[in-house]
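Report on the structure given below.
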Amino acid sequence: MSNERTQQTVAIPLSKSKRNLVQIGCICMMLSVSMYGLVFSTLTAPILESVNAMGYVGLFSIFAALGVSIMTPIGGKLGDIIGRRNIVVIPGILCVICGIAFAFVRSLVPLMVLRLLISLTQGAFTAAPFIIVGLINEKKDVPKAMGMLAAAVAVGGFVGSIVAGILTDMNMLTVAIIMPAVPLILGIVFIGLNMPNQKREGKVKIDVPGIIALVVTLCAILLSLNFGSSIGWLHPVIIGGFVLGIAALFALIKIEAKADEPIIPLSLFKNKNYTILLVVGFAGYFYQNAMNVYGPIAAMQVMGKSASITGALQMPRTILTIVVPIIAGTWVGKKTSNMWKAMVLATALAGIPMIVLGFTSTTTPIMLYFVALAVTGIAESFRSVSITPAAQSMLSPEEMGVGTSFVNFFNSLSGTIGATVFAVAYNMNTAADPTNVELIQKGVNSVYWVAGIVGIIGLVIVILFVRPQMSDKKEQIETTEEKCA
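Going by this note's numbering, the first residue of the sequence shown is number 7, and it counts up by one from there.
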């Protein structure tokens, strides 16, 4: 009877051994994604130094973000077309090839091309592990599985940056660059050999005009956001970029409204509950650039702390994001109502520490930073196990792929917009003298206040809108179970 019930509640039924191997494969994929991100962040300087191109640091970083932003929403739809297994295997193999080639190339243009290709292939499969664990597990087990993926991201980032730095110091830069390919290969093998290639039946049209409009929209807007703070927001090129991006966005909406197989089903945004969850996810992720970029600036430039102490600021946070997500996921899976409670923690524990740090001064104890950033690690743990499973529960089976991908896309979009908004807030205060400690203090405090306010707005949205909808969902489930009984 129990096995029969599992068959009915799991979209892709697998034997326990195969399900475990597929889940290990998903964990390996997320380890690789995180390792690639942190390895390249750590090694950007030595990589570009090796080809005498330190002036291209900004462009190198933009290529990394752009590819993922473009392909994440497209990858969800491609999974419907070529299958959930193939969207991991094919882009994964291409990513491995490009990653290994990157380690041996020592010329700027090929390096830039390969970096873009790596981010494009990663974008295609980044959402796949989150989609797959939602398809092979019972709903009550999905948050715990999401917690394992979140823990893998934390482990990959921590190990990736530390080991990459050590290998580079040992003059083993090539090995450091190749390293993230190892868990990626394992993920491809485990998923490729143990999961059926579920895809939409019948002929599926590829929405080429929609893809083109999406690429133009994202490239124009994201490049304008990235370069606006450096060359000026009123520069004709930046204004032209925003105009092109907005025009392409309107064209995208018109194209998708008429497309037989839209790359972005507009029906997703007619689902009010799902759209609210996207906004909550955006708010819960928004603070991260403030923490990553302006935390070290505050510690070193305002409080006068050493680089070694500053480098250790996120250590307690990292430990928590490795351990807490699995515990949080198990708790969330016990009750539907725990999802909105987890979102309360995700937004409150992101917003409140940022507001506390918004009072930074030269006399602020560094221990406050260690504690505040550790608290955001708890917030991140609860965010990672609640928003995606909740969003998936709002989607029909045919929307699962693109709908899950859009949750990831909004996270990356939140980071990009956050970086731009924070740069404006900081530069408005430090423009008169970027070396003045008092102005730097005002700048970082402004950044923290913006990050904190966005987090608190997310908290208000959860309490006013998500809590009632989760309560309604709970009542529906209980009614259905009573009828079945």
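We put the beta carbon where it would ideally sit given N, CA and C, even for glycine.
Please read all numbers here as calculations on a predicted model, not as lab measurements.
CB-CB length for residue i against residue j, believed under 8 Å
{"i": "Leu155", "j": "Met36", "result": "5 Å"}
{"i": "Met321", "j": "Ser392", "result": "Contact doesn't hold; Cβ gap of about 25 Å is too wide."}
{"i": "Met152", "j": "Ser390", "result": "6 Å"}
{"i": "Ile227", "j": "Ile237", "result": "Not quite, the Cβ-Cβ distance comes to about 16 Å (not below 8 Å), so this is no contact."}
{"i": "Gly409", "j": "Ala397", "result": "6 Å"}
{"i": "Val308", "j": "Val450", "result": "6 Å"}
{"i": "Gly171", "j": "Arg91", "result": "No, Gly171 and Arg91 are not in contact; Cβ-Cβ is about 35 Å, not under 8 Å."}
{"i": "Asp147", "j": "Gly339", "result": "6 Å"}
{"i": "Lys219", "j": "Ala254", "result": "Looking at the sequence shown, residue 219 is not Lys but Ala. Sure, about 5 Å apart at Cβ, within 8 Å."}
{"i": "Ala182", "j": "Leu49", "result": "6 Å"}
{"i": "Phe376", "j": "Leu319", "result": "6 Å"}
{"i": "Val460", "j": "Phe292", "result": "5 Å"}
{"i": "Gln447", "j": "Thr366", "result": "6 Å"}
{"i": "Phe508", "j": "Val381", "result": "With the chain represented from 7 up to 491, any question about residue 508 goes unanswered, as that position is not in the structure."}
Minimum C-alpha distance to residue i - residue among the options
{"i": "Lys278", "options": "Leu255, Ser167, Val308, Gln475", "result": "Gln475"}
{"i": "Met77", "options": "Gln204, Val119, Leu123", "result": "Leu123"}
{"i": "Gly129", "options": "Phe110, Phe108, Leu100", "result": "Leu100"}
{"i": "Val413", "options": "Met400, Ala356, Thr394, Lys150", "result": "Thr394"}
{"i": "Val94", "options": "Asp266, Asn200, Thr50", "result": "Asn200"}
{"i": "Arg112", "options": "Leu54, Ile168, Ala158", "result": "Leu54"}
{"i": "Gly464", "options": "Gly339, Ala289, Lys264", "result": "Ala289"}
{"i": "Ala59", "options": "Ile245, Gly166, Leu114, Val299", "result": "Leu114"}
{"i": "Val102", "options": "Leu120, Gly449, Thr366", "result": "Leu120"}
{"i": "Leu84", "options": "Tyr375, Pro186, Ile217, Val16", "result": "Ile217"}
{"i": "Cys32", "options": "Thr50, Ala157, Val16", "result": "Ala157"}
{"i": "Met373", "options": "Ala109, Ala305, Phe110, Met185", "result": "Ala305"}
{"i": "Ala17", "options": "Ser418, Asp439, Lys448, Glu404", "result": "Glu404"}
{"i": "Gln294", "options": "Ser418, Ser67, Asn442", "result": "Ser418"}
{"i": "Cys104", "options": "Ile168, Met185, Leu27", "result": "Met185"}
{"i": "Thr180", "options": "Met400, Glu444, Ala109, Pro97", "result": "Ala109"}
{"i": "Phe97", "options": "Gly81, Ile87, Asp86", "result": "First, the amino acid is wrong: residue 97 is Pro here, not Phe. The candidate whose alpha carbon is nearest that of Pro97 is Gly81."}
{"i": "Pro359", "options": "Ala378, Thr342, Ala182", "result": "Ala378"}
{"i": "Phe388", "options": "Trp337, Leu283, Asp147", "result": "Trp337"}
{"i": "Ile168", "options": "Val57, Ser273, Phe46", "result": "Phe46"}
{"i": "Tyr300", "options": "Leu126, Val430, Ile332, Ser125", "result": "Val430"}
{"i": "Ala160", "options": "Ser38, Met400, Leu284", "result": "Ser38"}
{"i": "Val330", "options": "Ala348, Gly317, Thr316", "result": "Ala348"}
{"i": "Val350", "options": "Gly287, Cys34, Gly162", "result": "Gly287"}
{"i": "Ile30", "options": "Ile142, Ser402, Lys448", "result": "Ile142"}
{"i": "Thr369", "options": "Glu444, Ile384, Thr281, Thr382", "result": "Glu444"}
{"i": "Ile87", "options": "Pro302, Thr342, Lys205, Ile462", "result": "Lys205"}
Classification of residue i by the beta-carbon crowding that lies within 10 angstroms, buried from 16 upward
{"i": "Arg11", "result": "Bear in mind that the predicted position of Arg11 carries a pLDDT of just 43, short of 50, making it unreliable; the figure below should be weighed with that in mind. Label assigned to Arg11: exposed."}
{"i": "Glu144", "result": "exposed"}
{"i": "Pro371", "result": "exposed"}
{"i": "Lys260", "result": "exposed"}
{"i": "Leu20", "result": "buried"}
{"i": "Asn435", "result": "buried"}
{"i": "Lys22", "result": "exposed"}
{"i": "Gly335", "result": "buried"}
{"i": "Phe164", "result": "buried"}
{"i": "Leu543", "result": "The question about residue 543 has no answer, for the chain in this structure spans 7 to 491."}
{"i": "Lys150", "result": "buried"}
{"i": "Glu262", "result": "buried"}
{"i": "Asp439", "result": "exposed"}
{"i": "Asn9", "result": "Low local confidence applies: a pLDDT of 46 at Asn9 is under 50, so the model's placement there is unreliable, and no value is given."}
{"i": "Glu487", "result": "Low per-residue confidence applies at Glu487: pLDDT is 42, beneath 50, and the placement is therefore not dependable enough to give any value."}
{"i": "Phe66", "result": "buried"}
{"i": "Ser56", "result": "exposed"}
{"i": "Asn203", "result": "exposed"}
{"i": "Phe131", "result": "buried"}
{"i": "Ala437", "result": "exposed"}
{"i": "Ser125", "result": "buried"}
{"i": "Pro79", "result": "buried"}
{"i": "Leu4", "result": "This structure gives no information on residue 4, because the portion of the chain shown stretches from 7 to 491."}
{"i": "Leu117", "result": "buried"}
The ligand SAH heavy atom lying under 6 Å from the CB of residue i
{"i": "Ala318", "result": "The ligand SAH is absent from the structure shown, which contains no ligand whatsoever."}
Beta carbon proximity, residue i to chain B, threshold 7 Å
{"i": "Ile303", "result": "Going by chain labels, chain B is absent from the structure shown, which holds only one protein chain."}
Given 8 Å, three or more beta-carbon pairs between the stretch 320 to 334 and the stretch 447 to 467: Using a C-beta cut-off of 8 Å, the stretch 320 to 334 makes no contact with the stretch 447 to 467, since fewer than three inter-stretch Cβ pairs fall below that distance.
Validate contact between the stretch 408 to 425 and the stretch 133 to 142 using beta carbons, cut 8 Å, 3 pairs: When C-beta atoms of the stretch 408 to 425 are compared with those of the stretch 133 to 142, three or more pairs fall below 8 Å, so the two segments count as touching.
Validate contact between the stretch 422 to 437 and the stretch 230 to 240 using beta carbons, cut 8 Å, 3 pairs: The stretch 422 to 437 is in contact with the stretch 230 to 240.
At least three beta-carbon pairs within less than 8 Å, the stretch 458 to 470 to the stretch 346 to 355: They touch, by the three-pair rule.
Cβ pair count under 8 Å reaching 3, the stretch 266 to 277 against the stretch 211 to 219: These segments touch.
The stretch 242 to 251 touching the stretch 217 to 227, judged by at least three CB pairs closer than 8 Å: Contact check between the stretch 242 to 251 and the stretch 217 to 227: three or more CB pairs, one atom from each, fall below 8 Å, which counts as touching.
Touch test, the stretch 172 to 184 against the stretch 69 to 87, Cβ-Cβ under 8 Å, three pairs minimum: Between the stretch 172 to 184 and the stretch 69 to 87, the count of Cβ pairs shorter than 8 Å is below three; the stretches do not touch.
Segment contact, 8 Å Cβ cut-off, at least three pairs: the stretch 181 to 192 with the stretch 38 to 47: Yes, they touch.
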